[in-house]
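Colleague: Following this message is one structure expressed as structure tokens.
In the working numbering, the protein residues as written are 1 to 339.
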């Protein structure tokens, strides 16, 4: 039986260090190339990304380079969906690698489950082997770091969820539920999936489908990425006029940052005026928080047989939580100023 035609969409910008590996992964897929097209939506890269893609496209007619002058991901995805000829749309990320059965397994589960979207597990790996990079990866796949995001932790059987990374959709989904929201620089996939769920569609996280994602390797890049995520949590709720486009876990860092400010004020009061039981009570939760981080950081370090990871893990957890919360506060502030 002939397999369904698949359109693979890959938004990209300045990915010269990763793009060739992604292309090689696609060429090695066990899905028939006659039933695939690969659309690279390039956000006007200033490095060698477009040139590398063009070299492969010259020899592989199913690979195409499409300029995305608006640069943002939702615009790229909408452009790709509109030009796609396949009956199935699969989004891939340029910062990840994919096993040879990745496409065929997604298509199998999409058909078997009769779903609107299916996705697999994110296997997060460091970009280098420094203690800092290893710690960041552990934090990004731990419940204390990312809450109940199952796609970062794994499942043993198909499970209906609110969202999955990247995604595999029948093209008809976008005709029925609409395209990506171009107001959203971040969280556009979460918003789309919540829109699908709200209208009765089904989204599944499936086992045995796994991609390897290369995480940020410095505290600065971790802060920058999660600051933007936190900011767009607020802006997403504003633009969509609904909080159900997001989950409670997305807002926890906002309250955490608010509490940190209160705790710092209490510490300042104690420093200036001397100890006060009332001020001390505000500090206790912060002590408890760092005790929890120490406990889990020690546990992870022992599992990894490297206690040198402990301070890097604590710093990674705190950076992740605080940057997301600061971003959320800035998001609120920007809305107040603009409106």
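Backbone N, C-alpha and C fix where the C-beta goes; we use that ideal spot for every residue, glycine too.
Return the Cβ separation of residue 324 and residue 229 in integer angstroms, given the expectation that the two are a contact with Cβ distance under 8 Å.
Modeller: Locating residue 324 in the chain shown gives position 324, counting from the first residue. Locating residue 229 in the chain shown gives position 229, counting from the first residue. That pair is a contact at about 6 Å.
Colleague: Report yes or no: do three or more beta-carbon pairs, one from the region 110 to 125 and one from the region 202 to 218, lie closer than 8 Å?
Modeller: Segments in contact, yes.
Colleague: Can you tell me whether residue 46 is helix, strand or coil according to DSSP?
Modeller: By one-based count along the chain shown, residue 46 stands at place 46. Residue 46: coil per DSSP, three-state reduction.
Colleague: When the Cα of residue 334 is compared with those of 314, 172, 24 and 236, which residue comes out closest?
Modeller: Taking the chain shown and counting its residues from 1, one reaches residue 334 at position 334. Per the Cα distances, 236.
Colleague: Any chance the region 84 to 97 sits against the region 131 to 141, with 3 or more Cβ pairs inside 8 Å?
Modeller: Because the criterion of three Cβ pairs below 8 Å is not met, the region 84 to 97 and the region 131 to 141 do not touch.
Colleague: Measuring only the C-alpha atoms, how far is residue 180 from residue 240?
Modeller: Within the chain shown, the letter at position 180 stands for residue 180. Within the chain shown, the letter at position 240 stands for residue 240. Answer to the nearest angstrom: the Cα atoms are 12 Å apart.
Colleague: Using a Cβ distance threshold of 8 Å, determine whether the region 304 to 324 contacts the region 125 to 140, with at least three qualifying pairs required.
Modeller: Contact holds: three or more Cβ-Cβ distances are below 8 Å.
Colleague: In this structure, does DSSP put residue 72 in helix, strand or coil?
Modeller: As a first step, residue 72 is located in the chain shown; it is residue number 72 there, counting from the start. If DSSP states are grouped into helix, strand and coil, residue 72 belongs with coil.
Colleague: For residue 189, count the other beta carbons within 10 Å of its own beta carbon; 16 or more makes it buried, fewer makes it exposed. Which is it?
Modeller: The residue labelled residue 189 in the question sits at position 189 within the chain shown. Looking at its Cβ environment, which holds 16 or more other Cβ atoms inside 10 Å, residue 189 is buried.
Colleague: Assign residue 212 to one of three DSSP states: helix, strand, or coil.
Modeller: Taking the chain shown and counting its residues from 1, one reaches residue 212 at position 212. Residue 212 falls in the strand class under three-state DSSP.
Colleague: Identify every residue that forms a DSSP beta bridge with residue 118.
Modeller: Locating residue 118 in the chain shown gives position 118, where the first residue counts as 1. BP columns for residue 118 point to 168 and 204.
Colleague: Please classify residue 220 as buried or exposed, where buried requires at least 16 other C-beta atoms within 10 Å of its C-beta.
Modeller: Looking up residue 220 in the chain shown gives position 220. Result: exposed.
Colleague: Could you have a look at residue 61 and say whether DSSP puts it in helix, strand or coil?
Modeller: One-based indexing of the chain shown puts residue 61 at position 61. Coil at residue 61, not helix or strand.
Colleague: Exposed or buried, what is residue 303 when buried is set at 16 or more other beta-carbons lying within 10 Å of its beta-carbon?
Modeller: Along the chain shown, one-based indexing puts residue 303 at 303. The residue is exposed, with fewer than 16 neighbouring Cβ atoms inside 10 Å.
Colleague: Could you tell me the boundaries of the beta strand (DSSP E) in which residue 88 lies?
Modeller: Counting from one through the chain shown, the residue named residue 88 turns up at place 88. That run of the beta strand (DSSP E) goes 88 to 91.
Colleague: On the DSSP bridge list, what partners appear for residue 38?
Modeller: For this step, residue 38 is matched to residue 38 along the chain shown. Answer is 8 and 63, bridged to residue 38.
Colleague: With DSSP collapsed to three states, give me the class of residue 288.
Modeller: For this step, residue 288 is matched to residue 288 along the chain shown. Helix at residue 288.
Colleague: Would you mind sorting residue 261 into buried or exposed? The rule is 16 or more other CB atoms within 10 Å of its CB.
Modeller: Position 261 of the chain shown, counted from the first residue, corresponds to residue 261. Residue 261 comes out exposed.
Colleague: Do you know how far the Cα of residue 337 is from the Cα of residue 232?
Modeller: Numbered from 1 along the chain shown, position 232 holds the residue referred to as residue 232. Numbered from 1 along the chain shown, position 337 holds the residue referred to as residue 337. In a straight line, the C-alpha of residue 232 is about 16 Å away from that of residue 337.
Colleague: Buried or exposed: which applies to residue 85, given that a residue is buried once 16 or more other Cβ atoms fall within 10 Å of its Cβ?
Modeller: Translated into positions along the chain shown, residue 85 becomes position 85. Per the 10 Å Cβ criterion, exposed.
Colleague: What first and last residue would you give for the alpha helix (DSSP H) that runs through residue 328?
Modeller: Numbered from its first residue, the chain shown carries residue 328 at position 328. Where residue 328 is concerned, the enclosing alpha helix (DSSP H) stretches over 310 to 338.
Colleague: Under 8 Å by Cβ, that's how I've got residue 163 and residue 193 pegged, so tell me the actual separation to the nearest angstrom.
Modeller: Residue mapping note: residue 163 aligns to position 163 of the chain shown, counting from 1. Residue mapping note: residue 193 aligns to position 193 of the chain shown, counting from 1. Between residue 193 and residue 163 the Cβ distance is about 4 Å, and since that is below 8 Å, they are a contact.
Colleague: Could you spell out where the alpha helix (DSSP H) holding residue 229 opens and where it closes?
Modeller: For the purposes of this step, residue 229 is taken as the residue at position 229 of the chain shown. Counting along the chain, the alpha helix (DSSP H) containing residue 229 begins and ends at 219 to 240.
Colleague: According to DSSP, what are the bridge partners of residue 125?
Modeller: Here the question's residue 125 lines up with position 125 in the chain shown. Per DSSP, 214.
Colleague: How is residue 159 classed by DSSP in three states: helix, strand or coil?
Modeller: Working through the chain shown from its first residue, we reach residue 159 at position 159. Of the three classes helix, strand and coil, the one that applies to residue 159 here is strand, per DSSP.
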